[in-house]
Amino acid sequence: MDADFSALVIERDETGRQEIALRQMAESALPGGDVTVRVEYSTLNYKDALAITGQAPVIRQFPMIPGIDFAGTVTRCDDPALSPGDRVILNGWGLGEKHWGGLAGMARVPAAWLVPLPETLSSRQAMAIGTAGYTAMLSVMALERNGIQPETGPVIVSGASGGVGSLAVMLLSRLGYRVEAMTGRPAHTAWLRSLGATAILDRALFTSPCKPLAREQWAGAIDTAGGQILANICAGMAARGVVTACGLAAGMEFPATVAPFILRGISLIGIDSVYCPRALRLEAWKRLSDLVDQGLLESLVQEIGLSDAPAAARDLLEGRCRGRLVVAIG
Ligand code: NDP
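Here is the structure:
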């Protein structure tokens with residue numbers, strides 16, 4: 001039977017103006033794909049906020065259902081790898097950009113995009129982690145692959161109060177790293193310490209150009225900011241330090257010099273969660289299900305409904321949110 005579901009739908013008029021509305025839709029309207037999923041939870045990430053507000057050209061075709069991730073249960077499937085009743089997660093693959101996304105009661109996608117929900121996680125917990133936590137895990141794994149261990153030295157995390165940042169602080173701390181959390185919001189100091197930050201750094205100290213080489217302070221870095229902040233982090237890395245770059249909350253540019261690369265041998269590793277190979281996704285979700293402290297995770301979460309998402313998107317971009325925004329569907 002063709003089920004009805006609620007969805008946030010973004011349309012663009014002939015003048016280029018975007019509008020978002022909560023609509024009732026029929027299952028038959030869903031795009032092509034071999035698996036239909038009843039979505040239980042989705043989330044609001046930085047990219048979703050850019051898409052919903054139209055502040056950046058995230059959406060490649062209209063009308064679009066936003067939402068770059070979801071967790072839910074398979075209802076129909078034409079692929080032998082999955083069966084109705086299987087519990088699944090999706091992160092990225094252009095969801096909410098080129099393919100209808102997770103801010104809806106149902107989704108239809110290719111089977112290859114889905115990973116199984118780890119048995120120890122509920123769909124809500126999986127989305128409390130969401131694309132932010134999965135990206136934080138990919139960043140930690142990149143540090144590890146490049147030789148950074150807890151004993152190598154402290155790790156700096158920028159945008160620490162945000163989704164990726166707060167999960168990165170929690171994961172690094174659980175693994176035994178000393179974590180220096182950079183934030184523009186000192187009001188979150190006590191909370192960041194409760195997640196495991198051993199030092200709090202004022203973001204304002206990172207926003208002006210510094211010398212090509214600054215004091216050697218960190219063995220590793222997880223940067224969510226980009227711009228001058230990423231450049232200044234690179235300048236302050238210890239010899240052989242490793243920096244991962246996943247975000248652009250401070251900007252797209254990278255006004256750095258080659259000095260720390262050629263005089264200290266530091267490395268800069270890009271993190272792409274969207275088209276990340278399946279083996280790494282499976283490893284990241286396995287590690288997350290083992291590592292995440294459910295009590296601390298709950299301290300990161302604010303739960304909202306589908307109809308709250310447009311206002312929450314504006315709050316997120318204006319820096320008024322903390323941790324993770326989980327969207328309960330239905
Ligand atoms: P959030 O909005 O949850 O967090 C961003 C954080 O950055 C804020 O909480 C704030 O932390 C800090 N921040 C905000 N404005 C600025 C600014 N102007 N300069 C410096 N820091 C700022 O976003 P997410 O955690 O969801 O995403 C973070 C970044 O990572 C985004 O750019 C996002 O697009 C990117 N991303 C990339 C992925 C990938 O695959 N490469 C996947 C997921 C996210 P505080 O107040 O503590 O300083």
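Using full-length UniProt numbering, the first residue of the sequence shown is number 1, and each one after it goes up by one. Just so it is clear, CB atoms sit at the ideal spot from N, CA and C, and this is done for glycine as well. Since we're looking at a predicted model, the values are computed, not measured.
Just checking, does the segment 137-145 make contact with the segment 179-194 on the three C-beta pairs under 8 Å criterion? Taking 8 Å as the limit for Cβ pairs, the verdict is that the segment 179-194 does not touch the segment 137-145.
Pairwise C-alpha distance: Tyr-177 and Pro-154: Take the alpha-carbon of Pro-154 and the one of Tyr-177: they are about 6 Å apart.
So Gly-96 and Pro-57 are in contact, right, with Cβ under 8 Å, and what is the actual spacing, rounded? Not really, about 13 Å apart at Cβ, beyond 8 Å.
Local Cβ density within 10 Å of Pro-209, reported as buried at 16 or more and exposed below that: In the assembly as shown, Pro-209 is an exposed residue. Its beta-carbon has fewer than 16 other beta-carbons within 10 Å.
Own chain, CB closer than 6 Å to Trp-113, minus 5 neighbours either side, in chain order: Excluding residues within five positions, the ones whose Cβ falls inside 6 Å are Leu-90 and Trp-93.
So what does Trp-113 bridge to, in DSSP terms? Beta bridge pairing from DSSP links Trp-113 with no other residue.
Can Asn-91 be considered in contact with ligand 1, in the sense that its beta carbon sits closer than 6 Å to one or more heavy atoms? Incorrect: Asn-91 has no Cβ contact closer than 6 Å to ligand 1.
In whole angstroms, what separates the C-alpha of Asp-293 from that of Pro-31? If you draw a straight line from the Cα of Asp-293 to the Cα of Pro-31, it is about 37 Å long.
Cutting at 6 Å between CB atoms, please list the residues of its own chain near Thr-244, excluding the five before and the five after it. These residues qualify, in order along the chain: Ser-139, Ala-142, Ile-222, Ile-269 and Ile-271.
Quick one: Cα of Ser-194 to Cα of Gly-227, how far? Distance between the alpha carbons of Ser-194 and Gly-227: 28 Å.
If you draw a straight line from the C-alpha of Arg-124 to the C-alpha of Ala-81, how long is it? Taking the straight line joining both Cα atoms gives about 24 Å.
Own chain, CB closer than 7 Å to Gly-33, minus 5 neighbours either side, in chain order: The residues are Arg-108, Val-109 and Pro-110.
Cβ-Cβ separation, Ser-122 to Leu-306 (assumed contact under 8 Å), whole Å: For Leu-306 against Ser-122, the beta-carbon gap comes to about 19 Å, at or over 8 Å, which does not count as contact.
Where does the unbroken beta strand (DSSP E) through Gly-270 begin, and where does it stop? Here the beta strand (DSSP E) through Gly-270 covers 267-270.
Would you call the CB atoms of Ala-219 and Ile-148 closer than 7 Å? Contact: yes.
Any non-hydrogen atom of ligand 1 within 6 Å of Lys-286 CB: Every heavy atom of ligand 1 is 6 Å or more from the Cβ of Lys-286, so no.
Buried versus exposed, by CB contacts within 10 Å (16 or more), Leu-282: The residue is exposed, with fewer than 16 neighbouring Cβ atoms inside 10 Å.
Between which residues of its own chain and Glu-216 is the CB-CB distance below 6 Å, once the five residues before and five after are set aside? Taken in chain order, the residues that qualify are Ala-238.
Which residue from Met-127, Gly-72, Ala-225 and Cys-246 puts its Cα closest to that of residue 331? The shown model of the chain, from 1 to 330, leaves out residue 331, and the question about it has no answer.
Thinking just about the alpha-carbon of each residue, which of Ala-312, Ala-190, Arg-145 and Asp-4 is nearest to the one in Ala-26? In terms of Cα proximity to Ala-26, the closest of Ala-312, Ala-190, Arg-145 and Asp-4 is Asp-4.
Confirm the yes/no value for this check: CB of Tyr-41, any heavy atom of ligand 1, distance under 6 Å. Because no heavy atom of ligand 1 lies under 6 Å away, the Cβ of Tyr-41 does not count as near it: no.
Terminal residues of the beta strand (DSSP E) in which Gln-302 lies: Per DSSP, Gln-302 is one residue of the beta strand (DSSP E) stretching across 301-305.
Within its chain, find whatever has a CB closer than 7 Å to the CB of Thr-53; leave out the 5 residues flanking it on each side and keep chain order. Listed in chain order, the non-local C-beta contacts of Thr-53 below 7 Å within the same chain comprise Ala-313, Arg-314 and Leu-317, local neighbours out to five positions each way being set aside.
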